[in-house]
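> Residues 415 to 1040, numbered by our numbering, are exactly what the sequence shown covers, in order. All C-beta atoms in this analysis are idealised placements derived from N, C-alpha and C, irrespective of residue type, glycine included.
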Amino acid sequence: MTDILADLNLPQQQAVTFGDGPLLILAGAGSGKTRALTFRAAYLIKERKIPSENILLLTFTNKAAGEMKERIAKILGDKDTKMLGESGKSPHAPISQYPNISPPFAGTFHSFCAKVLRRDGHLLGIPANYVIYDEADQLEAIKEILEKLHLSPKEFKPAAVLNTISQAKNELISKLEYPQYARSPWQKTVAQTYLDYQQLLSHNDAVDFDDLIFKTVVLFKRFPEILGQYQNRYPYLLIDEYQDTNHAQYVFTKLLAQRYRNLTVVGDASQSIYGWRGANFRNLVNLKSDFPNLTIINLEQNYRSTQIILDLAYRVISHNTSHPILKLWTQNQAGERASLYEAQNEIAEAEFIANQIVRLSDRFHLSDFAVLYRTNAQSRVLEEVFLRAGLPYLLVGGTRFYQRKEIKDVLAYLRLIANPKDAVSRKRLEKIGKTRLSKFLDWLKEKQAQKKINLERTDTLVLLDSALKAAEYLELYDLQMEEDLGRLENIKELRSVAAEFPRLQDFLENVALVEQEYLPESPFSSNKKEVITLMTLHASKGLEFPVVFLVGMEEGLFPHSRSLLDRNELEEERRLCYVGLTRAKEKVFLTHTRKRLYFGQRSANEISRFIQDLPEELLETVQEFQ
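1) To the nearest angstrom, how far is the alpha carbon of D417 from that of D704?
2) Below 8 Å, can you find three or more Cβ-Cβ pairs linking the stretch 827-835 to the stretch 809-817?
3) Pick out whichever of Q864, L890, A912 has its Cα sitting closest to the Cα of L875.
4) Alpha carbon to alpha carbon, what distance is there between Q613 and V545?
5) Which runs of the beta strand (DSSP E) spanning at least 3 residues fall entirely within the stretch 794-838, listed in chain order?
6) Which residue spans inside the stretch 595-633 form an unbroken beta strand (DSSP E) run of at least 3?
7) Candidates I587, F523, K635, L626: which alpha carbon is nearest I540's?
8) Would I439 and T678 qualify as a contact pair, given that the criterion is a beta-carbon distance under 8 Å?
9) Assuming L538 contacts V632 (C-beta within less than 8 Å), just tell me the rounded distance between them.
10) How many angstroms separate the CA atom of I767 from the CA atom of F1003?
11) Which residues does DSSP pair with S1017 in a beta bridge?
12) Taking 7 Å as the cut-off, is the C-beta of K463 nearer than that to any heavy atom in the ligand GTP?
13) May I have a chain-ordered list of the alpha helix (DSSP H) segments no shorter than 4 residues that lie completely inside the stretch 841-898?
14) Taking three-plus beta-carbon pairs below 8 Å as touching, is the stretch 742-762 in contact with the stretch 713-724?
15) How big is the Cα-Cα spacing for E969 and K741?
16) Take A443 and list the residues in its own chain whose beta-carbon comes closer than 6 Å to its own, dropping the five residues that flank it on each side.
17) Out of A832, R842, A837, I846, point me to the one whose CA is closest to D873's CA.
18) Candidates N790, L990, T1005: which alpha carbon is nearest M949's?
19) What are the boundary residues of the alpha helix (DSSP H) that N646 is part of?
20) Between L908, L978, S753, which has its C-alpha nearest E1031's C-alpha?
21) Measuring CA to CA, which of S684, E760, V730 is closest to H737?
22) Tell me which residues share the same chain as Y755 and place their Cβ nearer than 6 Å to its Cβ, disregarding the 5 neighbours each side in the sequence.
23) Starting from T448, trace the alpha helix (DSSP H) in both directions and tell me its first and last residue.
24) Look up Q715 in the DSSP assignment and give the residues it is bridged to.
25) Please name the residue in G812, E886, P973, N423 whose C-alpha comes closest to that of K848.
26) Are there 16 or more other CB atoms within 10 angstroms of the CB of K463, so buried, or fewer, so exposed?
27) Quick check on the burial criterion: 16 or more other C-beta atoms within 10 angstroms. Buried or exposed for N694?
28) Return the chain-ordered list of same chain residues with a C-beta closer than 6 Å to the C-beta of A781, the five sequence neighbours on each side being excluded.
29) Have a look at G994 and L553 and give me their C-alpha separation to the nearest angstrom.
30) Helix or strand or just coil, what does DSSP make of F1003?
31) Do you know whose CA, among E760, S580, Y787, K865, lies nearest G692's CA?
32) Take the Cβ of A1018 as the centre, count every other Cβ of all protein chains shown within 10 Å, and call the residue buried at 16 or more, exposed below.
33) Between the Cα of Q1015 and those of I905, Q427, L1033, spot the shortest distance and give me the residue it belongs to.
34) Once DSSP output is grouped into helix, strand and coil, what is the label at P934?
35) CA-CA distance, P960 and V530?
36) Measuring alpha carbon to alpha carbon, tell me which residue in Q894, A420, E639 is nearest K571.
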């Protein structure tokens, strides 16, 4: 047996040594999927003698691509390689017995398509020196078009228009095709904007990120001889995280692989959690119809978690019916049961988590703990309790609650009520919009003249709601935009703080003190990297921690209220819970509250159905001071 296979289990070996033809590797969480993919690429080169330049590896992030290139280089024997360029060439002299072997191209869909368009985009009128517009550039372009069309940015928010155009491109709907899908007046206006937007990009010799894949697909369809060149150049196509592909990426893959059909994809439908971005786990399911001779190999041995954690995750995900589900197993120990804690309220929940971390600090480092939640707004209470407890934390993929733009905006309105001479707050509100500021100031003067605002007696929550209404601030956000919904949830969570501090000065003082306490000296470690990780469940994918807390396990919170009436969305919530559970290596805590002050209202939610799915033998109920 070749040394490449020495450290692989039997299904991994079968995947790595698979011959020609289409292959689907269904790889469960922690089963070594990237290992299988990179070892397969190395095996093709080292044992099958496939030239590395005939192999193409695609993934979703530059980080993942870089890691794949490093791994392949090490397998091939190039121990000195630290990072490989997009060409796949090593910047260091090979020291292995294979001195002429360099790893294949490994990159993102976007980076590969960008190279295709640099070389052959001229056939579509795209010059080789085209520029790529980032999100800020795109928004400016949309704003310019809306202004020329004399359209109000209030009614046609640039971000919402851009998001709709992006969705169209991901579905491969062109600027000329989109009008036939437009039904409402809003969609018809977007259709005109889409047309003008593409003309502006063309005039500026520019494309956006969605164009990179969209136009490459157009190029391949319109010029079969060009497609044939790339098919001959890359007869072996390997793709990671296939459950996260959208329609455009799926069609791109199908076109590139259709001649030689040596397609290897790795994925796990149970970890498809980006449906709101256009990702479609059904791309995995549809492979069988597109490639009837598809071979499927399951990687079900988990190397990360205890068996109890895997059983917990399976009990949750097994209720899904729309995709294949793997039954993971491990040679690791059975491990501890999940700890289930019912808190009196959200503060007690956060304090319990802090206390458990302190209690376990003799067994684990602070960096071994992760606290996962469904919405960014939930971080607020956790942050405040951790700060008071002197527990340093790292907020991954987000900004500290009181530093979030929308929170600073709302605070500026309240500070100006408390102190009309606050020039800093006034300047911030001017940037939001002078018209909004004028409306707010008019309202404030009127209320002060009528003596209806008394800083000692007027409730903070009333002031907050009234100020936002007067300034028409909430109209800045679009209920159809996922990002805007998150910002609105943060604003609603600020109402929870307002409800706790009815006197405005006390409220503002609390905010200032919380911010002042940020990043205290830890009594546990002087190493700044020794911090607890706080993040949303979406941000946790691909990571692992010895101890994981899943918080807010209540109906309407997790699963989220927006998913309760849609079976497909509820299945995605289950996949999200599955992802959260399988981040844990040794221990899981599940917490919920009897009553929760959330979005400024005290409510009693039912315990999450995800907890109700779990058998008693996998759980231990933890008491307040246990």
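Put simply:
1) 35 Å
2) no
3) A912
4) 15 Å
5) 807-809
6) 620-622
7) L626
8) yes
9) 7 Å
10) 9 Å
11) R1010
12) Of ligands this structure carries none, so the ligand GTP is not represented either.
13) 848-863, 874-885
14) yes
15) 26 Å
16) T996
17) A832
18) N790
19) 638-647
20) S753
21) S684
22) F766, T1005, V1036
23) 447-460
24) W743
25) E886
26) exposed
27) buried
28) The question names Ala, but residue 781 in the sequence shown is Ser. If we look at S781 and ignore the five residues flanking it on each side, its Cβ neighbours are E944.
29) 34 Å
30) strand
31) S580
32) exposed
33) I905
34) Confidence at P934 is low in this model, with a pLDDT of 43, below 50, so the placement of that residue is unreliable and no value is reported for it.
35) 42 Å
36) Q894
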